[in-house]
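Chemist: Residues 150 to 264 (our numbering) are what the sequence shown spells out, left to right.
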Amino acid sequence: MKRSRGKRTKSIPPDEVAVVFARGFLVTGLLVALQDRCEAGSAAPAGRKIMRHALQGGAALAAGTVAAEALGRRDLSLAAGAVAAGAAGVLAAEILLNSPPPDDHEEKRLGQEEG
150 MKRSRGKRTK SIPPDEVAVV FARGFLVTGL LVALQDRCEA GSAAPAGRKI MRHALQGGAA
210 LAAGTVAAEA LGRRDLSLAA GAVAAGAAGV LAAEILLNSP PPDDHEEKRL GQEEG
């Protein structure tokens, strides 16, 4: 019997991808929030840091899961798309949540002379 080249198997259902994302989000958030807390003088991580890492963990785990399953089915285009989407999600969280909050006095210091 010949195998059909154009026939594709179904991809992962979106609700399953959402569950994988939630797992990665929760596990990474817990790790960031609780790791190294027993060291002397360690402060709690900032909420933005926890959120950034949790979003990145969820995006990475979901993308990796989709890519691995796609590679198992030899669907290279879906695997590449999943990796690209995961990288975009990780980078977006890094850019959006890594920047410090805006400083209202920054413009005043740069635009006015002291006197």
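For glycine and all other residues, C-beta sits at the position ideal for the given N, C-alpha and C.
(1) Between Ala208, Asp164 and Glu188, which has its C-alpha nearest glycine 173's C-alpha?
(2) Given methionine 150, which residues of its chain have a CB within under 6 Å of its CB, disregarding the five upstream and five downstream residues?
(3) Are glutamate 239 and glutamine 184 close, meaning C-beta to C-beta below 8 Å?
(4) Check the C-beta distance from threonine 214 over to valine 169 and give it rounded, since I have them as a contact under 8 Å.
(5) Hey, alanine 212 and alanine 231: beta-carbon distance below 8 Å or not?
(6) Using DSSP with H/G/I as helix, E/B as strand and the rest coil, what is alanine 242?
(7) Using CA atoms only, rank isn't needed, just tell me which of Lys198, Thr177, Ala216 and Leu246 is closest to serine 160.
(8) In whole angstroms, give me the CA-to-CA distance for alanine 171 and aspartate 224.
(9) Could you name the residues of the same chain whose beta carbon sits closer than 8 Å to that of glutamate 243, not counting the 5 residues immediately before and after it, in chain order?
(10) In or out: glycine 235 buried (at least 16 other Cβ within 10 Å) or exposed?
(11) Can you say whether leucine 210 is buried or exposed, counting buried as having 16 or more other CB atoms within 10 angstroms of its CB?
Modeler: Considering the structure as presented:
(1) In the sequence shown, residue 173 corresponds to position 24, counting from 1. Out of Ala208, Asp164 and Glu188, Ala208 has the C-alpha closest to the C-alpha of glycine 173.
(2) Position 1 of the sequence shown holds residue 150. Low local confidence applies: a pLDDT of 49 at methionine 150 is under 50, so the model's placement there is unreliable, with the coordinate-based value given in what follows. Answer for methionine 150: no residue qualifies.
(3) On the sequence shown, position 90 is the one that residue 239 refers to. On the sequence shown, position 35 is the one that residue 184 refers to. The sequence shown places valine at residue 239, rather than the glutamate named in the question. Cβ distance not < 8 Å, so valine 239 and glutamine 184 don't count as in contact.
(4) In the sequence shown, counting from the first residue as 1, residue 214 sits at position 65. In the sequence shown, counting from the first residue as 1, residue 169 sits at position 20. Between valine 169 and threonine 214 the Cβ distance is about 5 Å, and since that is below 8 Å, they are a contact.
(5) What you label residue 212 is simply residue 63 of the sequence shown in a count that begins at 1. What you label residue 231 is simply residue 82 of the sequence shown in a count that begins at 1. A contact, by the Cβ cut-off of 8 Å.
(6) Numbered from its first residue, the sequence shown carries residue 242 at position 93. Note: alanine 242 maps to helix in three-state DSSP.
(7) As a first step, residue 160 is located in the sequence shown; it is residue number 11 there, counting from the start. The shortest C-alpha separation from serine 160 is found at Ala216.
(8) The sequence position of residue 171 within the sequence shown is 22, counting from 1. The sequence position of residue 224 within the sequence shown is 75, counting from 1. Cα-Cα distance, rounded: 25 Å.
(9) Counted from its first residue, the sequence shown places residue 243 at position 94. Within the same chain, glutamate 243 has close Cβ partners Arg201 and Gln205.
(10) Within the sequence shown, numbered from 1, the residue matching residue 235 stands at position 86. So glycine 235 ends up on the buried side.
(11) To locate residue 210, count along the sequence shown from 1; it is residue 61. With 16 or more other Cβ atoms within 10 Å, it is buried.
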